[in-house]
Ligand code: P6P
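Residue numbers (the numbering used here): 146 to 485.
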């Protein structure tokens, strides 16, 4: 049956509709989103082929996090870098895969936005065919002069003008917000278009699932342990015990939390003295996911402060993360306030 195209909203049509509603739109957001959609289609193709051609397995290199780098990480990094460096919208970028600030090559025009991205989060799961993802965060340039500086990247999450992720899984989805609600698009591979599938994502105020790596339980603070003990108590009246779901890929665990509700936690743990603030990174993991969550009616904290109000001090800094339904994240905060 032929579907009338007037009922189908492609991401391009959605972006144009958003632009029409925003009189001072300059088209720079549109170009950013087009390129994100383009880059994610290229990465999607490589991810899907990973099982078929020999690009699985590490490069033998390690990234700034000291983590083994999978070849797909490099492909994703280069795909995003090459999709954005020439479009005249960005003044600089930062990526999980690159130690220092990424400047725009001199032959290209400079723009008034910055891009922070994790090109392929969860890549350690690639060989197991687990959902992985690209996470992105956009801020306006705040310093004088044409070149982007670290200060333009080290902004509080509340200043983001766009945040989103692409999840490569049973279907490939893009979820993003520009501060006017959260929209989900599903890739229709037969036509290579992202089609609007979730027009207004809202997270339940309370859920019934908690998501964290229980293997770290003994390394968490007393407050976090007491909260997890509460979630796993036998107390039907309070909806306990919660179900536990954890796949170890932030985009997959977050996406489920956003749609079903509940809480995702990566607390600080005392297991690794090199990571006193937990494992997840502020600029291109916690901050964009926090904007999406708040736009969907949820909450994200570091256990004490709203993630969006924390001033980042370095490009690859880590942060504890409690994110999801407002009621659970607030509950976790009360246990941490009372017990540390
Ligand atoms: P752990 C993947 O390596 C990642 O950065 C996130 O995608 C994920 O949430 C987390 O690490 C999983 O960490 O310590 O539970 O394996």
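Beta carbons: idealized from backbone N, C-alpha and C, even for Gly.
Nearest-angstrom beta carbon gap, residue j and residue i [assumed within contact, 8 Å]
i: residue 285; j: residue 258; result: 6 Å
i: residue 306; j: residue 283; result: 5 Å
i: residue 406; j: residue 351; result: 6 Å
i: residue 302; j: residue 435; result: 5 Å
i: residue 354; j: residue 441; result: About 16 Å separates the two Cβ atoms, so there is no contact after all.
i: residue 175; j: residue 319; result: At roughly 14 Å, the Cβ-Cβ gap does not stay under 8 Å, so residue 175 and residue 319 are not in contact.
i: residue 266; j: residue 233; result: Residue 266 to residue 233, Cβ: 27 Å. No contact.
i: residue 455; j: residue 464; result: 7 Å
i: residue 393; j: residue 358; result: 7 Å
i: residue 362; j: residue 373; result: 7 Å
i: residue 221; j: residue 271; result: Not quite, the Cβ-Cβ distance comes to about 11 Å (not below 8 Å), so this is no contact.
Residue i versus residue j - alpha carbon distance
i: residue 411; j: residue 424; result: 7 Å
i: residue 173; j: residue 187; result: 21 Å
i: residue 483; j: residue 477; result: 10 Å
i: residue 273; j: residue 264; result: 18 Å
i: residue 462; j: residue 420; result: 10 Å
i: residue 481; j: residue 227; result: 43 Å
i: residue 468; j: residue 260; result: 22 Å
i: residue 426; j: residue 155; result: 31 Å
i: residue 275; j: residue 236; result: 34 Å
i: residue 171; j: residue 316; result: 32 Å
i: residue 337; j: residue 178; result: 15 Å
i: residue 444; j: residue 182; result: 27 Å
i: residue 438; j: residue 400; result: 10 Å
i: residue 409; j: residue 152; result: 35 Å
i: residue 367; j: residue 458; result: 27 Å
i: residue 313; j: residue 360; result: 26 Å
i: residue 429; j: residue 382; result: 38 Å
i: residue 379; j: residue 365; result: 22 Å
i: residue 309; j: residue 433; result: 6 Å
i: residue 452; j: residue 466; result: 8 Å
i: residue 245; j: residue 216; result: 20 Å
i: residue 387; j: residue 340; result: 34 Å
i: residue 348; j: residue 471; result: 9 Å
i: residue 190; j: residue 240; result: 21 Å
i: residue 295; j: residue 223; result: 21 Å
i: residue 256; j: residue 371; result: 48 Å
i: residue 330; j: residue 311; result: 9 Å
i: residue 161; j: residue 168; result: 12 Å
i: residue 324; j: residue 166; result: 13 Å
i: residue 297; j: residue 247; result: 12 Å
Segment limits, alpha helix (DSSP H) that includes residue i
i: residue 156; result: 156-165
i: residue 229; result: 216-229
i: residue 445; result: No alpha helix (DSSP H) holds residue 445; the beta strand (DSSP E) holding it covers 444-446.
i: residue 481; result: 471-484
i: residue 376; result: 367-376
Cβ of residue i within 9 Å of any chain D Cβ
i: residue 466; result: Absence of chain D from the displayed structure is noted, only one protein chain being present.
Boundaries of the beta strand (DSSP E) in which residue i is found, first to last residue
i: residue 355; result: 354-356
i: residue 261; result: 258-266
i: residue 182; result: Careful: residue 182 lies outside any beta strand (DSSP E), inside the alpha helix (DSSP H) at 173-194.
i: residue 235; result: 235-240
* Taking the runs of the beta strand (DSSP E) that are 3 residues or longer, which of them lie wholly in the segment 386-439? -> Complete beta strand (DSSP E) runs here, min 3: 408-411.
* **Length at least 4, wholly inside the segment 272-342: the alpha helix (DSSP H) runs in chain order** => Complete alpha helix (DSSP H) runs here, min 4: 295-298.
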